[in-house]
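Numbering (my numbering), first residue to last: 54 to 271.
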């Protein structure tokens, strides 16, 4: 093994030099892998809903797919790099509220979770927090990397959810928006696989600076 492989790469940040370690790179790989799993499970579930939504066995299959999506999204929110610690924590709390709500409704209802939520749109006041957390990721990625697909997803997701809750969207519009969401989510996840790993790590000197400022105030 060469010295280059042993020593972490050094970068110049806004508040000084920093090093990107193997642990940093592993975290990014976990983040991107989790996003891919979430996007794939969401795309499969969306396809099943759009084309086989009246099939009871399909509706039952959506629950485990949602569990995979939710867990993968949770891992993504643990490993994502966001400079604003408060925002990062809020997104994690949103995910937790949504996950607990989904578990509650799944246990409470005799219907498949997807059918129960579809027939009771106000349940999105709880489960919708999970998608608010996902929208937060889209917004962050769009802001940091100027991603077209995430710029489209940021308004698309709340548009579909709020439209469903208000009962103003016809079925065809719901299917169109859901299909667009699934496709753009997959495009986003696929494009992340070829992005430079240091991009997702960001400027570690900023994290160190913010940590020092917080310690100084304490």
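Every residue, glycine too, gets a C-beta built ideally from N, C-alpha and C.
Sequence-distant Cβ neighbours of residue 236 in its own chain, meaning closer than 7 Å and more than five residues away, do not exist here. Considering only 244, 89, 231 and 75, the residue with the shortest C-alpha distance to residue 106 is 231. Fewer than three Cβ pairs drawn from the stretch 73 to 88 and the stretch 96 to 116 lie within less than 8 Å of each other, which leaves the two stretches out of contact. In this chain, the alpha helix (DSSP H) harbouring residue 81 covers 75 to 105.
A Cβ-Cβ contact shorter than 8 Å links residue 187 with residue 210. Residue state for residue 142 is assigned as helix, using DSSP reduced to three classes. With a beta-carbon spacing of about 7 Å, residue 238 and residue 206 fall inside the 8 Å limit used to define contacts. Segment contact: the stretch 116 to 127 against the stretch 166 to 178, three or more CB-CB distances shorter than 8 Å; contact assigned. For residue 63, the pairing in a beta bridge is given by DSSP as 72. In this chain, the alpha helix (DSSP H) harbouring residue 188 covers 177 to 198.
Residue 247 sits in coil when the DSSP states are folded into three classes, being neither helix nor strand. Nearest to residue 89 by C-alpha distance, out of 255, 72, 111 and 244, is 244.
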